[in-house]
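Student:
Number of protein chains: 2
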Amino acid sequence: MATIRDVASAASVSIATVSRVLNGSPRVSEDARERVWAAADQLDYWPNTAARSLTTQRTHALGVLLPDLFGEFFSEVIRGIDEAARAQKLQVLISSSHADTQEVLLAARSMRGRIDGLIIMAPDEGSIEPIQRIARRFPVLLVNPPSSVDGCSSVSVDNFEGARAVVEHLLQNGHREIAMVRGPAGNVDAEDRFRGYRDALAAAGIEAESRLEIAGAFTETSGFQAGLELLSLKNRPTAVFAANDSMAVGLVSALRSRGLQVPRDLAVVGFDDIVIASYLSPALTTVHVDAYELGLRAVRLLLPSLESPGSSEQCHEVLAAPVVVRESCGSSQSPAMKSESGRDNKITQRGRKTGP
Amino acid sequence: MATIRDVASAASVSIATVSRVLNGSPRVSEDARERVWAAADQLDYWPNTAARSLTTQRTHALGVLLPDLFGEFFSEVIRGIDEAARAQKLQVLISSSHADTQEVLLAARSMRGRIDGLIIMAPDEGSIEPIQRIARRFPVLLVNPPSSVDGCSSVSVDNFEGARAVVEHLLQNGHREIAMVRGPAGNVDAEDRFRGYRDALAAAGIEAESRLEIAGAFTETSGFQAGLELLSLKNRPTAVFAANDSMAVGLVSALRSRGLQVPRDLAVVGFDDIVIASYLSPALTTVHVDAYELGLRAVRLLLPSLESPGSSEQCHEVLAAPVVVRESCGSSQSPAMKSESGRDNKITQRGRKTGP
DNA sequence: GGTGGATATGTAACCGTTTACACGGCTGTT
DNA sequence: AACAGCCGTGTAAACGGTTACATATCCACC
Numbered sequence: 004m005a006t007i008r009d010v011a012s013a014a015s016v017s018i019a020t021v022s023r024v025l026n027g028s029p030r031v032s033e034d035a036r037e038r039v040w041a042a043a044d045q046l047d048y049w050p051n052t053a054a055r056s057l058t059t060q061r062t063h064a065l066g067v068l069l070p071d072l073f074g075e076f077f078s079e080v081i082r083g084i085d086e087a088a089r090a091q092k093l094q095v096l097i098s099s100s101h102a103d104t105q106e107v108l109l110a111a112r113s114m115r116g117r118i119d120g121l122i123i124m125a126p127d128e129g130s131i132e133p134i135q136r137i138a139r140r141f142p143v144l145l146v147n148p149p150s151s152v153d154g155c156s157s158v159s160v161d162n163f164e165g166a167r168a169v170v171e172h173l174l175q176n177g178h179r180e181i182a183m184v185r186g187p188a189g190n191v192d193a194e195d196r197f198r199g200y201r202d203a204l205a206a207a208g209i210e211a212e213s214r215l216e217i218a219g220a221f222t223e224t225s226g227f228q229a230g231l232e233l234l235s236l237k238n239r240p241t242a243v244f245a246a247n248d249s250m251a252v253g254l255v256s257a258l259r260s261r262g263l264q265v266p267r268d269l270a271v272v273g274f275d276d277i278v279i280a281s282y283l284s285p286a287l288t289t290v291h292v293d294a295y296e297l298g299l300r301a302v303r304l305l306l307p308s309l310e311s312p313g314s315s316e317q318c319h320e321v322l323a324a325p326v327v328v329r330e331s332c333g334s335s336q337s338p339a340m341k342s343e344s345g346r347d348n349k350i351t352q353r354g355r356k357t358g359p
Numbered sequence: 004m005a006t007i008r009d010v011a012s013a014a015s016v017s018i019a020t021v022s023r024v025l026n027g028s029p030r031v032s033e034d035a036r037e038r039v040w041a042a043a044d045q046l047d048y049w050p051n052t053a054a055r056s057l058t059t060q061r062t063h064a065l066g067v068l069l070p071d072l073f074g075e076f077f078s079e080v081i082r083g084i085d086e087a088a089r090a091q092k093l094q095v096l097i098s099s100s101h102a103d104t105q106e107v108l109l110a111a112r113s114m115r116g117r118i119d120g121l122i123i124m125a126p127d128e129g130s131i132e133p134i135q136r137i138a139r140r141f142p143v144l145l146v147n148p149p150s151s152v153d154g155c156s157s158v159s160v161d162n163f164e165g166a167r168a169v170v171e172h173l174l175q176n177g178h179r180e181i182a183m184v185r186g187p188a189g190n191v192d193a194e195d196r197f198r199g200y201r202d203a204l205a206a207a208g209i210e211a212e213s214r215l216e217i218a219g220a221f222t223e224t225s226g227f228q229a230g231l232e233l234l235s236l237k238n239r240p241t242a243v244f245a246a247n248d249s250m251a252v253g254l255v256s257a258l259r260s261r262g263l264q265v266p267r268d269l270a271v272v273g274f275d276d277i278v279i280a281s282y283l284s285p286a287l288t289t290v291h292v293d294a295y296e297l298g299l300r301a302v303r304l305l306l307p308s309l310e311s312p313g314s315s316e317q318c319h320e321v322l323a324a325p326v327v328v329r330e331s332c333g334s335s336q337s338p339a340m341k342s343e344s345g346r347d348n349k350i351t352q353r354g355r356k357t358g359p
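These protein sequence lines are chains S and L, in that order. Sequence positions in the first sequence follow this note's numbering and run 4 to 359. Sequence positions in the second sequence follow this note's numbering and run 4 to 359.
1) So what's L:ALA14 in DSSP terms, helix, strand or just coil?
2) With a Cβ-Cβ cutoff of 7 Å, do S:GLU232 and S:ALA286 count as a contact?
3) Which parts of the stretch 106-179 of chain L are runs of the alpha helix (DSSP H), unbroken and 4 residues or longer, counting only runs that do not cross its ends?
4) Tell me whether S:MET4 sits in a helix, a strand or coil according to DSSP, three-state version.
5) At a Cβ threshold of 7 Å, is S:THR58 touching chain L?
6) Apart from the five residues just before and just after S:ARG117, which ones in its own chain have a Cβ nearer than 7 Å to its Cβ?
7) Does DSSP put S:ILE277 in a helix, a strand or coil?
8) Give the residues from the stretch 101-120 of chain L that approach chain S closer than 8 Å (Cβ to any Cβ), ordered along the chain.
9) Apply the 10 Å Cβ neighbour rule to L:GLN264 and answer buried if 16 or more other Cβ atoms are within range, or exposed otherwise.
10) Report yes or no: do three or more beta-carbon pairs, one from the stretch 194-208 of chain L and one from the stretch 226-242 of chain L, lie closer than 8 Å?
11) What would DSSP say about S:THR62, mapped onto helix, strand or coil?
12) Would L:ALA251 pass as an interface residue toward chain S - the criterion being a Cβ-Cβ separation below 7 Å?
13) Among S:VAL107, S:ARG8 and S:ALA102, which one has its Cα closest to the Cα of S:PRO133?
14) As a quick exercise: from S:GLU79, S:SER15 and S:TRP49, pick the residue whose alpha carbon is nearest that of S:ASP34.
15) Using the Cβ count rule (16 or more neighbours within 10 Å means buried), how would you classify L:VAL321?
16) Please classify S:LEU109 as buried or exposed, where buried requires at least 16 other C-beta atoms within 10 Å of its C-beta.
17) What are the residues in the stretch 170-183 of chain S lying within 7 Å of chain L by C-beta distance?
18) Considering only residues of the same chain and omitting the five flanking positions on each side of S:THR104, which have a CB-CB separation below 7 Å?
19) What are the uninterrupted segments assigned as alpha helix (DSSP H) that are 4 or more residues long and contained completely in the stretch 189-264 of chain L, given in chain order?
20) Output, in chain order, the set of chain S residues within a Cβ distance shorter than 7 Å of L:THR289.
21) What's the gap between the Cα of S:ARG89 and the Cα of L:HIS101?
22) Does the beta carbon of L:ILE137 fall short of 6 Å from some heavy atom of the ligand ATP?
23) If I measure Cβ to Cβ from S:ALA207 and keep anything under 7 Å in the same chain, skipping five residues before and after, which residues do I get?
24) Relative to the C-alpha of S:ILE123, which residue among S:VAL243, S:VAL170 and S:GLY66 is closest?
25) Leaving out five residues on either side along the sequence, give the residues of the same chain with a beta carbon under 6 Å from the beta carbon of L:PRO325.
26) In the structure shown, what three-state DSSP assignment does S:PRO338 receive?
27) Return the chain-ordered list of same chain residues with a C-beta closer than 7 Å to the C-beta of S:ARG261, the five sequence neighbours on each side being excluded.
28) Assuming S:GLU75 is part of the alpha helix (DSSP H), what are its boundary residues?
29) Can you pull the chain S neighbours of L:ASP85, defined as C-beta to C-beta under 7 Å?
30) Considering only residues of the same chain and omitting the five flanking positions on each side of S:PRO1, which have a CB-CB separation below 7 Å?
31) Nearest-angstrom Cα distance between S:GLU79 and L:SER78?
32) Below 8 Å between beta carbons is the criterion; list the residues of the stretch 261-293 of chain S that meet it against any residue of chain L, in chain order.
33) Could you tell me how far apart the beta carbons of S:LEU297 and S:VAL160 are, in whole angstroms, since I believe they sit closer than 8 Å?
34) Report yes if the CB atom of S:GLU223 is closer than 7 Å to the CB atom of S:VAL252, and no otherwise.
35) Using 7 Å as the limit for Cβ to Cβ distance, is L:GLN91 near chain S?
As structure tokens, this is what we get:
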């Protein structure tokens, strides 16, 4: 593999001149410039990025630490990150599955020298301390953090407001007895959505009832279980808010297996707006989370810190999570909204042009 | 930020000794070893990976070049790659959207010095030539390549056999007039699936009819269009094979919008086994593509070349694409298979433990 | 014709590691 | 007592670039 020295001798100039030509410095004669380009082409010279970043102290790459890669949520976040990064000619180094909170630290450490900054998504409260240590080394941007870390900017989904709004929507449709299937304990998203639910009820002057607050784990099966539990209640509620769509799907299955109809017998709403939400029958009313946008903004917010680490002040962005009214809530708005929030625009806009 | 020199002087040893301790060399006294670790901890020393890989000529990272990041297919491939890479303590550098075929070359070039090998997915025939140039620099593994490149191993989905088998399944159910909605022209996957369709018909002694071979573009809307076209035929077929699930979904919508029932009036099968396939009613009979496995194997096949570039012989793996019988084909096997190929095992097995 | 200021180019230090080689001190052999 | 061998450690040369600084050349000007 040709190095800058090979190019230099082939072009009969010094390595400094080669470097200058390659980096577009103006202080080079036309003659030398041509000889260098010719030599580089002829030798098929590819500069060594690692060596370059060693001297310049800039890598033009950013790291991404995710808890997992499964599911459309993470994949959309990545897509958003990639899109924004590519626009800035930044490379993306990905790493997932940080079971142990200390793993976050190890992953970040192993990226030292390879990245200019880091986007971290770690929903665990326990990962705050390692993140603080990481943030001392390079710029860190937090996505949906369990709590804020000083020196770090963040971008999060407005779980609270989304949940509040969707429960309010149920209230507006006349429901007074609204149950909730909660997410896993300790999960920030789950907690915020639960707070939104409580808040909406309180605002309507309805007292929270713990018998209507059913435990869940964000999985489809836990939603199914919750559905059965719900059916066993003596004063059955008229509506239920599942803390995410997967559980809503399981819940609907459970109801159906017992012969109940959604939304006639029970209105159901979810959270996340996963792809299948619009394909179900009845189509699921839910709260839209724009994971793509989350990734996009993460990069944009990190950008100033990449240019000048330390200088830029921190800022916290919150992404709106709008209610998407479909059929499962039994709302009258349903038909009107359908085309807007339905499947077609989504698929055609970003349809897979390539691949199977 | 502390460097190896800082650690050396803090521990009163030379940088060579520090390096030896850090890399677990046995030729160090117990005394020195302890002092170095103490100093490293105290200074919170993080080795610079780029500098290390400059001397060792090994980066312990691999690059991934994808045409796009949208959709579950790519996200699953990435998940498979990440999983296998992490098991080998390899980092993953991702880059997508290579609209122009020359972009593949540029992307690869910009990774020089940062990666030991590269996984490329470029369905375009035109990207073969740039890939050949890339393969001269570092080990390359191709995923679903349009044609083979010498020196490169590859892993692909058995599109031909999957298509053949699903059409054969329709034939076994008594269908004789089977239409196909084809994928975009020039796409390898689309072509292979078409060949499988033709082959199955031929084996059953049925002559192909071009009027039953409808154009499509792998998008849901193109499937819808194809459905309308199908309905306008005078001798309507009894079954149709859509080259992918998205088109099958659109197709079913079109049929339903004209009052037809699937599978009673027309049997429909797809390809890919996307998540929503099992959630539709009727649940879609399709061909399963294990994108996760594709990524996993890609890394495994690339591995030997990373250890010793050039030495290992190339090999081509083909991943089976099994038929998943559900309801839309009207097969009698449907109820029996349902639990096995349904949604539940998939979701619970790899359910999102974290995140919303 | 000597001076000064551009302009083009080269030399060498540096970025943060690894590692071949050299060296000094100790032990054990003859 | 001299010497071979081993062990622990240090020195210095890479790895492949960038860039501050020095130098050489040319031209214009007084």
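Just so it is clear, CB atoms sit at the ideal spot from N, CA and C, and this is done for glycine as well.
Tutor: Let me lay it out:
1) helix
2) no
3) 131-140 and 162-175
4) coil
5) no
6) THR62, ALA64 and LEU96
7) coil
8) ARG112, SER113, MET114, ARG115, GLY116 and ARG117
9) exposed
10) no
11) coil
12) no
13) S:VAL107
14) S:SER15
15) exposed
16) exposed
17) none
18) ASP127, GLY129, SER130 and PRO133
19) 191-206, 223-234 and 248-260
20) Within 7 Å Cβ-Cβ: nothing; L:THR289 doesn't reach chain S, min ~11 Å.
21) 11 Å
22) The model on display carries no ligand, and the ligand ATP is accordingly not part of it.
23) LEU174
24) S:GLY66
25) HIS291
26) Its pLDDT being 43, under 50, S:PRO338 is placed unreliably in this model, and the value from its coordinates should be taken loosely. Looking at S:PRO338 - three-state DSSP - the assignment turns out to be helix.
27) LEU234
28) 75-90
29) LEU72, ILE97 and SER99
30) Since the first residue shown for chain S is 4 and the last is 359, residue 1 of chain S is missing from the structure and cannot be characterised.
31) 9 Å
32) PHE274, ASP275, VAL278, ILE279, TYR282, LEU283, SER284 and VAL292
33) 7 Å
34) yes
35) no
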